[in-house]
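In order, the protein sequences belong to chains F and L.
Residue numbering for the first sequence follows the working numbering, beginning at 45 and increasing consecutively.
Residue numbering for the second sequence follows the working numbering, beginning at -15 and increasing consecutively.
In this text, a Cβ means the ideal position worked out from N, Cα and C, and glycines have one as well.
Please read these numbers as outputs of a predicted model, since none were measured by experiment.
Below is one structure, written out as structure tokens; comments come after it.
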Amino acid sequence: MPGIEYLLEALTLTNIMLALGGVIAGTIIGSLPGLTATMAVAVLVPITFSMPPASALILMGAIYTGAIYGGAYAAILLNTPGTPSAIATTFDGFPMAKRGDGDLAVTLACLASVTGGLVGAAFLLGLAPPLAEVALAFGPVEYFWLAIFGLTLISALSEGNLLKGLIGACFGLLLSSIGVAEISADVRFTFGSQVLLGGIETVSALIGLYCIPVLIDLVATPDRHLKVTHQPKGFRLLESLRISWKYKFNLIRSSVIGTLVGILPGAGGSIAGLVAYSEARRASKRTEHFGTGEPEGVQATESANNATVGGGFIPTLVLGIPGTPPDAVILGALLIQGVRTGPNLFTQEGSIVYTFIYGLFLATVLMLPTGLVIGRYAYKTIVTVPKAMLVPTVAFMTIIGTYSIRNSISDVIIMITLGVIGWVLNRMGYSPSPIVLGLILGRIAEQGFVQAWTIGAATEELFSMFFGRPISLAIIAFIGLSLFYPLIRARWIGRRRKVSAD
Amino acid sequence: MKLMRLAALAAVLILSTSMVLAMGHGSYPDKPVNYIIPFGPGGESDITARHQQPFFKKMFNEDLVISYKPGGGGAVGWSQLNGMKGDGYTIMGINLPHIIVKPRQKDVGFATEDIAGVYMFHYTPDALVVTADSPFKTLQDVIDYAKENPGKLTLSGSGKGTANHLAQIRFDQMAGVKTTYVAFKGTGKAVTALLGSQVKAEWGYTSVGAKHEGKVRLLAVAMEKRHPKFPDVPTFKELGFDLVSGAYRGIAVPKSTPEPIRAKLSEQIAQINADPEFRRRMENDGMALLDVDYKDYKGFIDAQAKVYIEAATEAGVIR
């Protein structure tokens, strides 16, 4: 193992306390919708000035990894992804909670997050310099195809209701083009209003589209929020361990997907979770149970999104290119400390890098006990708090959370408006996920397309730009597979039935 | 009852107003100052503010609290600045060419003249950047290639109507070449495109050379004199192109802020700028320091606006 001599340096009392405190604080922050890992890390930056670089990194890494895991609570218990990374966690997490298995889902998410975190950190430890090249191999056109690939997942997610899924996605794409365009700096669809100038902020859209409908339904129906079918059974740890062991390949595959997507600076946790989810669904024998509370779905997204932590640090530390938004903040803090990132960091400043990586392992391991305890507490609170208190508290949090993202009252107005629209659409059978996918992926697709087109047109090789690059072709193949898989599968099952009938 | 409440409210109001007045400017600052960055965390505007933070605390004994109000390329923050409390405890970062170009593109809720700038404290000079293994060794190589292959030289850069973009337009004019500018979201992504050979060169900043030392090469910098960190890199001026430009950063206050506080704030930022350790840290990150204080602010902006507006109109960024 490289840099094993720094393991002891990571295990000083100060670092252990920092990792523990960071994971706890991160988990709690991440569980509150609107408070993101990026903000959590940014708030900490001034505190880290007075620390040695490795300890500062450990603290920020611990907060970050904790916040990504904490996002699962709101996703499972309130159907609200606390961070974009947890979007796909709602698909099966909330149905599980609805039927009374919320505690199981939370514990499964904890085990999956720890697994994902460890796999991501292992890649960071062992293969960072070569893997960082992946970040450079992805050009604008690859991001364009990757976003299109993400959009094709809608066809898998809205089986049986494809038209409504597509309409939702188009609505999301339209939303993504509101405001000052990232690249061309054009102001679009603001109708002269200052409110829309900043565009639709992703996290506030998530809160509006997912959480507000849940709140309205809570008020409108007399049922309890979550069904409680059994007496509290503790952590349900043994049951979770058994399930995790049964689906260990899913965990490993999802963690590797998460790490690789995390390396891509333009992609992020939401895509990692979605890709892992759809691959888990494809590979599973229980495909038709996905979306109705299938543990494999929760495992896939939660392991993938925590693996992006380690994955995102790879280009950050090796190339000085932040893999994810929180990485950008961490990179800035390192710069102020006078630490120069780059390949030399691994060879010349091993005491910083390797101490940090072992610290990240430590924080991830500490997430197991702390995550179980905090998760159980979160579950108990949500289940036992009477509705009359739960609704106003959550409603209050959604507003504070939305405001805090950009200190913007406009975002709160947009969030509530989208919430009401989302509720109406829900009643008409449209789910929020295609809309959100359109919103997130629309921007990535547009930027990639415009850049690729500009470069291709300038160098007069437009066709080979879009259809002549190996990575692009591989992604296009996946797009085809994802689009036609339901058809292929149906035919395959049909033929098998025929054979057995003969 | 109602009357009593009203009276109490009035009393509180009068008391607080008189307190604000009494606090005056003698002891400014006597509580933490809120420093709003109209961009997200982790960007260069954030990093330079973070550099100022510990020096402010050390010199004036109060915290400089950094928060973020991103959106619309800074427009969201600047359009709200004058609605904030003008007591000197709310200040905001400002950037050129943004505050000059944006309001002329479309109604973004503020005009350049609305912004009460008190100091411009540094700029990150534009620079023409290539990868370390690029066949372009000198600026002349780039010009030769661009002349032989009109439009085929692709250059990445951060955003449209930005410092990088306007530098590209002005340079193309001066050198009589035609190149293709590819806008990316932020310098980080523009550098990634360069390092991944998606484009042939980048209109970046001197800070790119500092951050990616060894992997990139600066061909020329848009400064009056050579940058202390890159003594071997010529300026555009030396090579015959009158290009001195970059992303300028300063600090503004809400319009209602009293004159004495503005003057005091200007003095304080100057004091931080004069600190040798602060200068060393900034220059080591590839930035260049600048001292445009409160009384010179307007003249500076007017002069810059003339150049920027011309280039931006030329580029079709402003209609």
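Proximal residues of chain F, C-beta to C-beta of residue i below 9 Å
i: L/F214; result: Correct list: empty, because the minimum Cβ distance to chain F is about 15 Å.
i: L/G193; result: Within 9 Å Cβ-Cβ: nothing; L/G193 doesn't reach chain F, min ~12 Å.
Contact check, residue i vs residue j, beta carbons under 8 Å
i: L/G24; j: L/P54; result: yes
i: F/S526; j: F/A200; result: yes
i: L/T176; j: L/G72; result: no
i: L/I20; j: L/S63; result: no
i: F/G367; j: F/G356; result: yes
i: L/I235; j: L/I78; result: yes
i: F/Y113; j: F/N451; result: no
i: F/S75; j: F/G160; result: no
i: F/D136; j: F/V342; result: yes
i: L/V183; j: F/I499; result: yes
i: F/T345; j: F/A320; result: yes
i: L/D110; j: L/A147; result: yes
i: L/A194; j: L/G270; result: yes
i: F/L547; j: F/A156; result: What is shown of chain F runs 45 to 546, which leaves residue 547 of chain F out entirely.
i: F/I418; j: F/I72; result: yes
i: L/V217; j: L/A204; result: yes
i: F/L121; j: F/V258; result: no
i: L/G61; j: L/P238; result: no
i: L/S140; j: L/L178; result: yes
Per DSSP, the bridge partner or partners of residue i
i: L/F168; result: L/S142
i: F/Y117; result: Paired residues: none, contrary to the question.
i: L/D110; result: L/Y189
i: L/M76; result: L/I20 and L/A236
i: L/M307; result: Since the displayed chain L opens at -15 and closes at 303, residue 307 of chain L lies outside it and no answer follows.
i: L/S51; result: L/I20
i: F/V342; result: Per DSSP, none; premise fails for F/V342.
i: L/V200; result: L/T115 and L/E197
i: F/V231; result: F/V224
i: L/V92; result: In the DSSP output, where bridge partners are listed per residue, L/V92 has none listed.
i: L/T219; result: L/V205
Contact list for residue i against chain L, beta-carbon separation under 9 Å
i: F/F93; result: R34, Q37 and P38
i: F/Q343; result: Within chain L, no residue comes near F/Q343; the closest Cβ sits about 31 Å away, beyond 9 Å.
i: F/P309; result: G172, K173 and T176
i: F/T82; result: G24, P25 and G26
i: F/G376; result: P25, G26, G27, E28, D30, I31 and R34
Residue i: contacting residues in chain L (beta-carbon distance under 7 Å)
i: F/V89; result: R34
i: F/A489; result: Within 7 Å Cβ-Cβ: nothing; F/A489 doesn't reach chain L, min ~13 Å.
i: F/Q238; result: S63 and G93
i: F/G379; result: The displayed chain sequence assigns Leu, not Gly, to residue 379 of chain F. The contacting residues are I31 and D269.
i: F/V31; result: Residue 31 of chain F cannot be examined here, being either before or after the span of chain F that is shown, 45 to 546.
Neighbour list for residue i in chain F, Cβ cutoff strictly below 7 Å
i: L/A59; result: V224 and L241
i: L/Q152; result: Correct list: empty, because the minimum Cβ distance to chain F is about 13 Å.
i: L/V166; result: Q495, T498 and I499
i: L/G145; result: A229
i: L/G135; result: A502
Within chain L, the residues that residue i reaches when beta carbons sit closer than 8 Å
i: F/S452; result: K53, G55 and V60
i: F/T366; result: Sequence check: residue 366 of chain F is Pro here, not Thr. Those within 8 Å of F/P366 in chain L are G26 and G172.
i: F/T446; result: Correct list: empty, because the minimum Cβ distance to chain L is about 13 Å.
i: F/G386; result: H196, E197, G198 and K199
i: F/I396; result: By Cβ distance, chain L contributes nothing, its closest Cβ being about 17 Å from F/I396, past 8 Å.
i: F/L250; result: Ordered by position in chain L, no residue passes the 8 Å Cβ test against F/L250, which lies about 17 Å from the chain.
Reference residue i, options the options, closest by Cα
i: F/T56; options: F/I515, F/Y402, F/F528 and F/V353; result: F/Y402
i: F/L483; options: F/M472, F/A213 and F/P436; result: F/A213
i: F/I107; options: F/V67, F/K431, F/A156 and F/S202; result: F/V67
i: F/V158; options: F/G512, F/G466, F/V353 and F/P476; result: F/V353
i: F/A111; options: F/I102, F/G126, F/L122 and F/L101; result: F/G126
i: L/V276; options: L/M104, L/E298, L/T74 and L/K144; result: L/M104
i: F/L88; options: L/R34, L/V114 and L/T190; result: L/R34
i: F/E490; options: F/D267, F/G78 and F/V185; result: F/V185
i: F/S475; options: F/L152, F/M61, F/G115 and F/Y254; result: F/Y254
i: F/F279; options: F/P436, F/P174 and F/R420; result: F/R420
Partner residues on chain F for residue i, Cβ-Cβ distance less than 8 Å
i: L/T138; result: T498, I499, A502 and T503
i: L/G180; result: A179, L180, A181, F182 and G183
i: L/V183; result: I499
beta-carbon residue i near the ligand SAM non-hydrogen atom, thresh 7 Å
i: F/S228; result: This structure lacks the ligand SAM; in fact it carries no ligand of any kind.
With a floor of 4 residues, list each alpha helix (DSSP H) that falls wholly inside the stretch 146 to 227 of chain F, ordered by position along the chain. Taking only runs of at least 4 residues, the alpha helix (DSSP H) segments lying wholly in the stretch 146 to 227 of chain F are 146 to 181, 184 to 201 and 206 to 220.
* Asked: Whole alpha helix (DSSP H) runs in the stretch 246 to 307 of chain F with 4 or more residues, listed along the chain?
  -> Whole alpha helix (DSSP H) segments, 4+ residues: 246 to 250, 256 to 264, 281 to 290 and 292 to 307.
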